[in-house]
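*Asks:*
Protein chains: 2
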Amino acid sequence: MLEIFSLKHFPIIKQNDNIAQEILTSLRKNNLEIKKGDIIIIAQSIISRAEGRLIKLDEVNPSDFAMEIAKQSNKDPRHVEMILKEAKNICKNRNGVLVTETKHGFVCANSGIDKSNVPGENTISLLPVDPDNSAKKIREYIKKQAKKNVAVIISDTHNRPFRLGAINIAIGCSGIDPLKSYLKETDLFGYSLKSSIVSIADQLCSVAGLIMGEAKEGTPVIIIRGYKFSEKDISAKTLIRPAERDYFR
Amino acid sequence: MLEIFSLKHFPIIKQNDNIAQEILTSLRKNNLEIKKGDIIIIAQSIISRAEGRLIKLDEVNPSDFAMEIAKQSNKDPRHVEMILKEAKNICKNRNGVLVTETKHGFVCANSGIDKSNVPGENTISLLPVDPDNSAKKIREYIKKQAKKNVAVIISDTHNRPFRLGAINIAIGCSGIDPLKSYLKETDLFGYSLKSSIVSIADQLCSVAGLIMGEAKEGTPVIIIRGYKFSEKDISAKTLIRPAERDYFR
Numbered sequence: 002m003l004e005i006f007s008l009k010h011f012p013i014i015k016q017n018d019n020i021a022q023e024i025l026t027s028l029r030k031n032n033l034e035i036k037k038g039d040i041i042i043i044a045q046s047i048i049s050r051a052e053g054r055l056i057k058l059d060e061v062n063p064s065d066f067a068m069e070i071a072k073q074s075n076k077d078p079r080h081v082e083m084i085l086k087e088a089k090n091i092c093k094n095r096n097g098v099l100v101t102e103t104k105h106g107f108v109c110a111n112s113g114i115d116k117s118n119v120p121g122e123n124t125i126s127l128l129p130v131d132p133d134n135s136a137k138k139i140r141e142y143i144k145k146q147a148k149k150n151v152a153v154i155i156s157d158t159h160n161r162p163f164r165l166g167a168i169n170i171a172i173g174c175s176g177i178d179p180l181k182s183y184l185k186e187t188d189l190f191g192y193s194l195k196s197s198i199v200s201i202a203d204q205l206c207s208v209a210g211l212i213m214g215e216a217k218e219g220t221p222v223i224i225i226r227g228y229k230f231s232e233k234d235i236s237a238k239t240l241i242r243p244a245e246r247d248y249f250r
Numbered sequence: 002m003l004e005i006f007s008l009k010h011f012p013i014i015k016q017n018d019n020i021a022q023e024i025l026t027s028l029r030k031n032n033l034e035i036k037k038g039d040i041i042i043i044a045q046s047i048i049s050r051a052e053g054r055l056i057k058l059d060e061v062n063p064s065d066f067a068m069e070i071a072k073q074s075n076k077d078p079r080h081v082e083m084i085l086k087e088a089k090n091i092c093k094n095r096n097g098v099l100v101t102e103t104k105h106g107f108v109c110a111n112s113g114i115d116k117s118n119v120p121g122e123n124t125i126s127l128l129p130v131d132p133d134n135s136a137k138k139i140r141e142y143i144k145k146q147a148k149k150n151v152a153v154i155i156s157d158t159h160n161r162p163f164r165l166g167a168i169n170i171a172i173g174c175s176g177i178d179p180l181k182s183y184l185k186e187t188d189l190f191g192y193s194l195k196s197s198i199v200s201i202a203d204q205l206c207s208v209a210g211l212i213m214g215e216a217k218e219g220t221p222v223i224i225i226r227g228y229k230f231s232e233k234d235i236s237a238k239t240l241i242r243p244a245e246r247d248y249f250r
């Protein structure tokens, strides 16, 4: 059986806060203990805040190109400028709605830039520069302080082609192999499975997404207990479909 | 806290089996009781088998078009014929690898036709004709027999653009609103959320996918307990992104 719970009354994270320490403190306040094999899912928003990835729009000078796109989409040109700055590629630009490939390689709307859960009307939040490393630092701190091996996954809310309704996916991870292959296994009737590689990290983030919420729940840290996973330390970038195997970009 | 568990030793479902009754029997054998508000996630494969959606390839006559596509992809032309028959539209055909829009409206690889977990080397499994209705019948049977209001979701494994690793998504549901809107809510800092509609049904299926597995686990039924949802009875087709709001088809 899986058990999934949130850390209640998690503090509002500010720049330079030590999220790993806040998690350990919050566990104690929630009368919980971290256990070996726990998976800690953390909302990208608090990682970005702690790492100072908030941008005041007043300090951004939009280019002519950003202004042109902003006009099409009725967006703030300074916001568009930051979307372009965070991108290495524009995958779609339809009426100024941008789907980009971020510098990390994630294909997502608006380079993953967020306006929700960010303090200040004119402030936006960029994705962490290196979400795998953000996860790694938190995992190592917890290992050192609590002497427990856990997995840490940074989760973000994404919209998708073909499907309505956002879901949570993994943008960074540490201490876990985000993919699970069934390639060498057989099915119920003894036939070998041809192509079954499953994104367990994305599915784990979806689990967290159900409890995390998107609004003012204030529960950006979710613990999943009882799920067996490979502790091979593999980057969340392995979840990015290579362009040559992607029929839709 | 969410609790998630599988029904162990679930029998292998054959054509015309009563899945709802098998679930009730299995619950009893597992010393479990169904509870009001439980969410029952069922793998598409057993629904298709019970509903006689298995096709013997020997009985399929491929068209010239199917043979041409089969040649490009090194697939069985009879298999390709069935992919085309189940589709109302081809979204992508790259080297004979087909992404289609099924008659239900789902955009997926090979019209959702499966070769795994199907008995017989030359047998394939089609998606249920009306997965919402499959879910509804099971929900109503359980309501009548066990006097409990539950939600039922039919889950399938899908690959995705941009991301590697399949995840489970909802293709049919009953007794639940598969989408949750945060549109009228405010975020942590009091700002209103602009666009947050979350696919809770897809996320619930991802939870199930973690335990269901893809191989010979033989646990096609998963129960999720403790998740609060709207009992509005809405079709899983509301999860299909309308073509005009889809930038990638």
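Protein chains in written order, with the working numbering: chain H, 2 to 250; chain A, 2 to 250.
The beta carbon of each residue, even a glycine, is placed where N, CA and C say it ideally should be.
Note that this is a predicted model, so its numbers are computed, not measured.
(1) With 9 angstroms as the threshold, decide whether the Cβ of H/M2 is near any Cβ in chain A.
(2) Measure from the alpha carbon of A/K30 to the alpha carbon of each residue in A/I42, A/I212, A/L8 and A/P243, then state which is nearest.
(3) Please list the terminal residues of the continuous beta strand (DSSP E) segment that includes H/K89.
(4) Does any CB atom of chain A fall closer than 9 angstroms to the CB of H/I43?
(5) Below 9 angstroms on C-beta distance, what does H/P162 contact in chain D?
(6) Which residues of chain H have a Cβ atom closer than 8 angstroms to the Cβ of A/R259, listed in chain order?
(7) Within a Cβ cutoff of 7 angstroms, which residues of the same chain sit near A/I259, ignoring the five residues on either side of it in sequence?
(8) From H/N19 to H/F11, what distance separates their C-alpha atoms?
(9) What is the rounded straight-line gap between the Cα of A/A67 and the Cα of A/Y142?
(10) For the candidate residues H/I125, H/R226 and H/I40, whose alpha-carbon lies nearest to that of H/G173?
(11) Could you tell me which whole beta strand (DSSP E) segments of length 3 or greater appear in the segment 48–79 of chain A?
(12) Does the beta carbon of A/P132 sit closer than 9 angstroms to a beta carbon anywhere in chain H?
(13) What is the DSSP secondary structure of H/K144, reduced to helix, strand or coil?
(14) Do the segment 206–215 of chain H and the segment 134–148 of chain H meet, that is, are 3 or more Cβ pairs less than 8 angstroms apart?
(15) Can you find a C-beta in chain H that's less than 9 angstroms from the C-beta of A/P179?
(16) To test your reading of the DSSP string, which unbroken beta strand (DSSP E) runs of 3 or more residues are found completely within the segment 11–44 of chain A?
(17) Among all the DSSP beta bridges, which residues are the ones paired with H/K169?
(18) Could you check how far apart the C-beta atoms of H/A260 and H/M213 are, in whole angstroms? I think they sit under 8 angstroms.
(19) For H/C206, which beta-bridge partners are listed by DSSP?
(20) Contact criterion: CB-CB distance below 9 angstroms. Does A/V199 meet it with respect to chain H?
(21) Taking Cβ positions, are H/L180 and H/A202 nearer each other than 9 angstroms?
(22) For H/G113 and chain A, any beta-carbon pair shorter than 9 angstroms?
(23) Would you report the Cα separation of A/A152 and A/P221, rounded to the nearest angstrom?
(24) Once the 5 residues before and after A/L3 are set aside, which same chain residues still bring their CB inside 8 angstroms of it?
(25) So, with DSSP's three-state summary, where would you put A/S182?
(26) Drop a sphere of 10 angstroms on the beta-carbon of A/R246, count the other beta-carbons inside from all chains shown, and report buried for 16 or more, exposed for fewer.
(27) Tell me which residues share the same chain as H/I114 and place their Cβ nearer than 8 angstroms to its Cβ, disregarding the 5 neighbours each side in the sequence.
(28) What would DSSP say about H/D135, mapped onto helix, strand or coil?
(29) Which two residues bound the contiguous beta strand (DSSP E) that contains H/L3?
(30) Please state the DSSP three-state secondary structure of A/S46.
(31) Between H/S27 and chain A, is the shortest Cβ-Cβ distance under 9 angstroms, so that the two count as touching?
(32) For H/P78, which residues from the same chain have a beta carbon less than 6 angstroms from its beta carbon, with the 5 sequence-adjacent residues on both sides left out?
(33) Indicate whether at least one CB of chain H lies closer than 9 angstroms to the CB of A/V100.
(34) Which residues bound the beta strand (DSSP E) around A/L128?
(35) Would you say H/Q22 lies against chain A (beta-carbon separation less than 9 angstroms)?
(36) Among A/L33, A/Q16 and A/G176, which residue has its Cα nearest to the Cα of A/R50?
*Replies:* On the basis of the data shown:
(1) As a first step, residue 2 of chain H is located in the first sequence; it is residue number 1 there, counting from the start. Judged by the 9 angstroms Cβ criterion, H/M2 is in contact with chain A.
(2) Along the second sequence, read from residue 1 onward, the residue named residue 30 of chain A stands at position 29. When each option's Cα is compared against that of A/K30, the closest is A/L8.
(3) On the first sequence, residue 89 of chain H is found 88 positions in, with the first residue counted as 1. Start and end: A88 to R95.
(4) Numbered from 1 along the first sequence, position 42 holds the residue referred to as residue 43 of chain H. No, its Cβ sits nowhere closer than 9 angstroms to a Cβ of chain A.
(5) Of the chains in the structure shown, none is chain D; the protein chains are H and A.
(6) The structure shown does not extend to residue 259 of chain A, since chain A is modelled only from 2 to 250, so the question has no answer here.
(7) Since the first residue of chain A shown is 2 and the last is 250, residue 259 of chain A is not available in this structure.
(8) The residue you call residue 19 of chain H lines up with position 18 of the first sequence. The residue you call residue 11 of chain H lines up with position 10 of the first sequence. Cα-Cα distance, rounded: 13 angstroms.
(9) The sequence position of residue 67 of chain A within the second sequence is 66, counting from 1. The sequence position of residue 142 of chain A within the second sequence is 141, counting from 1. Rounded to the nearest angstrom, the two C-alpha atoms are 40 angstroms apart.
(10) Counting from 1 along the first sequence, the entry for residue 173 of chain H is found at position 172. Among H/I125, H/R226 and H/I40, the Cα nearest to that of H/G173 belongs to H/I40.
(11) 55–57
(12) Along the second sequence, read from residue 1 onward, the residue named residue 132 of chain A stands at position 131. No, A/P132 does not count as interfacial toward chain H.
(13) Counting from one through the first sequence, the residue named residue 144 of chain H turns up at place 143. Of the three classes helix, strand and coil, the one that applies to H/K144 here is helix, per DSSP.
(14) no
(15) Stepping through the second sequence from its first residue, residue 179 of chain A is reached at position 178. A/P179 counts as touching chain H.
(16) 40–44
(17) Position 168 of the first sequence holds residue 169 of chain H. What sits at residue 169 of chain H in the sequence shown is Asn, not Lys. In the DSSP output, where bridge partners are listed per residue, H/N169 has H/T158.
(18) Because chain H is modelled from 2 through 250, residue 260 of chain H falls outside the range shown and cannot be assessed.
(19) Counted from its first residue, the first sequence places residue 206 of chain H at position 205. Answer is none; H/C206 lacks a bridge partner.
(20) Your numbering for residue 199 of chain A matches position 198 in the second sequence. True, the Cβ-Cβ gap to chain H drops below 9 angstroms.
(21) As a working note, residue 180 of chain H is residue 179 in the first sequence. As a working note, residue 202 of chain H is residue 201 in the first sequence. Closer than 9 angstroms, so yes.
(22) As a first step, residue 113 of chain H is located in the first sequence; it is residue number 112 there, counting from the start. With 9 angstroms as the cut-off, H/G113 does not count as an interface residue toward chain A.
(23) Translated into positions along the second sequence, residue 152 of chain A becomes position 151. Translated into positions along the second sequence, residue 221 of chain A becomes position 220. Those two C-alpha atoms are separated by around 16 angstroms.
(24) Taking the second sequence and counting its residues from 1, the one referred to as residue 3 of chain A is at position 2. Correct list, in chain order: V208, I225, R226, G227 and Y228.
(25) As a position in the second sequence, residue 182 of chain A is number 181, starting the count at 1. Note: A/S182 maps to strand in three-state DSSP.
(26) Translated into positions along the second sequence, residue 246 of chain A becomes position 245. Exposed.
(27) Along the first sequence, read from residue 1 onward, the residue named residue 114 of chain H stands at position 113. Contacts found: H80, M83, I84, E87, I125, S126, L127 and L128.
(28) In the first sequence, counting from the first residue as 1, residue 135 of chain H sits at position 134. The question names Asp, but residue 135 of chain H is Ser in the sequence shown. The answer is helix: DSSP assigns H/S135 an H, G or I state.
(29) Here residue 3 of chain H refers to the residue found at position 2 of the first sequence. Looking at the DSSP string, the run of the beta strand (DSSP E) that includes H/L3 is L3 to S7.
(30) Here residue 46 of chain A corresponds to residue number 45 of the second sequence, with the count starting at 1. Helix at A/S46.
(31) For the purposes of this step, residue 27 of chain H is identified with residue 26 of the first sequence, where counting begins at 1. No, because no Cβ of chain A sits closer than 9 angstroms to the Cβ of H/S27.
(32) Numbered from its first residue, the first sequence carries residue 78 of chain H at position 77. Answer for H/P78: P63, A67, M68 and A71, listed in chain order.
(33) For this step, residue 100 of chain A is matched to residue 99 along the second sequence. So yes, A/V100 belongs to the interface.
(34) Position 127 of the second sequence, counting from 1, holds the residue named residue 128 of chain A. Unbroken run through A/L128: none, as it is neither H nor E.
(35) Here residue 22 of chain H is taken as the residue at index 21 of the first sequence, counted from 1. Closer than 9 angstroms: no.
(36) Reading the second sequence from its first residue, position 49 is the one you call residue 50 of chain A. Of the candidates A/L33, A/Q16 and A/G176, the one whose C-alpha sits nearest the C-alpha of A/R50 is A/Q16.
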